[in-house]
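Report on the following structure.
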Amino acid sequence: MGHLVAGREVSDFRSDTVTRPSPAMREAMARAEVGDDVFEDDPTVQALEDRAARLFGKEAGLFVPSGTMGNLVALMVHARAGEEVLVEERSHTYNNEAGGAAAVAHVLTRTLPSARGRLDPDDVRRACRPGNLHNPRTALLVVENTHNFWGGAVVPLEAARALFAVTREVGVALHLDGARIFNACAATGATPADWGATADTVTFCLSKGLGAPVGSVLLGPRAWIARARGARKMLGGGLRQVGVLAAAGLVALDEGPPALARDHAHARALARGVAEVPGAVVDVDACETNILFVRTRRGAASYGPIVEGLAARGVLAVALGALGIRFVTHRDVDAGDVERALAALRELIPAHGPAHGEVDR
Ligand SMILES: Cc1ncc(COP(=O)(O)O)c(C=O)c1O
Numbered sequence: 590m591g592h593l594v595a596g597r598e599v600s601d602f603r604s605d606t607v608t609r610p611s612p613a614m615r616e617a618m619a620r621a622e623v624g625d626d627v628f629e630d631d632p633t634v635q636a637l638e639d640r641a642a643r644l645f646g647k648e649a650g651l652f653v654p655s656g657t658m659g660n661l662v663a664l665m666v667h668a669r670a671g672e673e674v675l676v677e678e679r680s681h682t683y684n685n686e687a688g689g690a691a692a693v694a695h696v697l698t699r700t701l702p703s704a705r706g707r708l709d710p711d712d713v714r715r716a717c718r719p720g721n722l723h724n725p726r727t728a729l730l731v732v733e734n735t736h737n738f739w740g741g742a743v744v745p746l747e748a749a750r751a752l753f754a755v756t757r758e759v760g761v762a763l764h765l766d767g768a769r770i771f772n773a774c775a776a777t778g779a780t781p782a783d784w785g786a787t788a789d790t791v792t793f794c795l796s797k798g799l800g801a802p803v804g805s806v807l808l809g810p811r812a813w814i815a816r817a818r819g820a821r822k823m824l825g826g827g828l829r830q831v832g833v834l835a836a837a838g839l840v841a842l843d844e845g846p847p848a849l850a851r852d853h854a855h856a857r858a859l860a861r862g863v864a865e866v867p868g869a870v871v872d873v874d875a876c877e878t879n880i881l882f883v884r885t886r887r888g889a890a891s892y893g894p895i896v897e898g899l900a901a902r903g904v905l906a907v908a909l910g911a912l913g914i915r916f917v918t919h920r921d922v923d924a925g926d927v928e929r930a931l932a933a934l935r936e937l938i939p940a941h942g943p944a945h946g947e948v949d950r
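Take 590 as the starting number for the sequence shown in my numbering and just add one per residue.
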């Protein structure tokens, strides 16, 4: 149960990125055959890129240090400066990638609302414009699946296919931000290739639920990936003997996917337990994968103090404004950690209920 953060044993629900490399990963890293990947000499990186491309039914792959870089490279290669990229309004690309779309890719981002991450194909069709003297051309739609700030919601396969059909019809590219696409696989039974067939290009992360210490893979047509390699270099993402990291990524592809159902069960158990706590607001049925937002009847004013109280009890989670307190389950939390979180929330949520005379929000 738990792991060490700053020398202290904690139950760490802040993100699925906090996992430590497994013994098999460390072993593979130590033994990795490597070369200079900028010269395309690293056999372990190539093995990872090829395996990932085959898994998702794409021609080629490119190892990138992070999901953020994968998405940014995708924007740079799909869209020219001044062109428009459609993004879901709570998407990671729009909100949490440090404005790279504007600052680095020089594209306009236009946000669209959604039903828990599921964009309406008609909204997308209406938003796409061919470009003329006055309007920017719409170059790209980004679809996030599973959707982080919609509590790990899965965009169902049929919905993803419908979006791809629309973008094809209007001549716009579709990039799947599949940082947690393996969670979507675990939740639905769909395969990586099923999701791969719903997008022109895909980013997925090895360093989230799959447990690798570093890395993501960008996938797409061979000629497109060749251009992406140039954009990655421009961003400083051309790495040298990076097979030591790719080796952990290969182990993550073996070990990670079968373990995700357990993470989802832990998130569900947490959701069910919190739903019983007076003053808590959670949507148990909406907890489809490994992310749970806990809100309270008092609202956002209570989230900071509750997170502090949790930390004092050895439970780490993050307050994300009005979205609530985010708990993410992963390989390094178990049923004991879920129990510890629940025990703390049973104390803290009622203690931070609406003050006398305060209106519930
Ligand atoms: C949906 C989504 N996309 C992209 C990223 C970016 O990944 P990274 O932190 O590796 O840059 C994240 C990170 O949490 C994410 O949740």
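For glycine and all other residues, C-beta sits at the position ideal for the given N, C-alpha and C.
Which of helix, strand or coil does DSSP assign to residue i?
i, result
"S611", "coil"
"G596", "coil"
"A932", "helix"
"L808", "strand"
"V831", "coil"
"R577", "The shown model of the chain, from 590 to 950, leaves out residue 577, and the question about it has no answer."
"G591", "coil"
"L937", "helix"
"A670", "coil"
"G778", "coil"
"R915", "strand"
"E648", "coil"
"R920", "coil"
"L839", "helix"
"M742", "Here residue 742 turns out to be Ala, not Met, going by the sequence shown. It is a strand residue."
"L697", "strand"
"E638", "helix"
"E622", "coil"
"A817", "helix"
"V676", "strand"
"L896", "This sequence places Val at residue 896; Leu is not what is there. Residue state, collapsed to three classes: helix."
"V761", "coil"
"P632", "helix"
"N772", "helix"
Considering only C-alpha positions, which residue in the set the options is nearest to residue i?
i, options, result
"Y892", "R821, V871 and I914", "I914"
"F882", "G898, E897 and A864", "A864"
"L708", "I814, S680, L661 and A694", "S680"
"N724", "A649, A595 and L697", "L697"
"V666", "I814, Q830, L637 and A911", "I814"
"G659", "L795, L799 and D711", "L795"
"L953", "D639, S604, A906 and R699", "Only positions 590 to 950 of the chain appear in the structure, and residue 953 is not among them; the question remains open."
"K797", "E598, D605 and V594", "D605"
"A690", "E678, G785, E673 and N721", "E673"
"F941", "L828, G898, Q830 and E648", "In the sequence under discussion, the amino acid at residue 941 is His, which differs from the Phe named in the question. Ranking the options by Cα distance to H941, first place goes to G898."
"L664", "M618, A595 and V761", "V761"
"E936", "R705, G862 and V873", "G862"
"V904", "A595, V599 and V594", "V599"
"G706", "N737, A776 and D712", "N737"
"R884", "G720, V623 and V866", "V866"
"A742", "V713, G800 and C774", "C774"
"N685", "L661, A704, A889 and A617", "L661"
"R718", "F628, E758, L834 and A692", "E758"
Using 8 Å for Cβ pairs, my map puts residue i next to residue j. What's the rounded Cβ distance?
i, j, result
"G778", "C876", "Incorrect: roughly 18 Å between the Cβ atoms, too far for contact."
"A728", "A668", "4 Å"
"R886", "G868", "5 Å"
"M590", "D923", "6 Å"
"E677", "L701", "6 Å"
"Q830", "D639", "The pair is not a contact, with the Cβ atoms about 18 Å apart (cut-off 8 Å)."
"G650", "L808", "5 Å"
"A850", "R920", "So it is not a contact: roughly 12 Å between Cβ atoms."
"A776", "T878", "5 Å"
"G832", "A621", "4 Å"
For residue i, which beta-bridge partners are listed by DSSP?
i, result
"A869", "T885"
"C794", "S805"
"D601", "L905"
"D766", "E733 and T792"
"R707", "A704"
"V713", "V713 pairs with nothing; no bridge assigned."
"I880", "V917"
"T727", "E673"
"V653", "S805"
Any beta carbon from chain D within less than 8 Å of residue i's own beta carbon?
i, result
"R935", "Absent from the structure: chain D. Only one protein chain is present."
Sufficient close CB pairs (3 or more, under 8 Å) joining the region 622-640 to the region 762-773:
no
Are three or more beta carbon pairs between the region 741-756 and the region 605-623 nearer than 8 Å?
no
With a cut-off of 8 Å, do at least 3 Cβ pairs link the region 648-661 to the region 813-823?
yes
Inspect the CB distances between the region 798-809 and the region 835-848 and report whether three or more fall short of 8 Å.
yes
Whether or not the region 749-758 and the region 784-796 are in contact is what I'm after, with contact meaning three or more pairs of Cβ atoms, one per stretch, closer than 8 Å; do they touch?
yes
Measuring CB atoms only, is the region 913-928 touching the region 844-863, in the sense that at least three cross pairs come out at less than 8 Å?
yes
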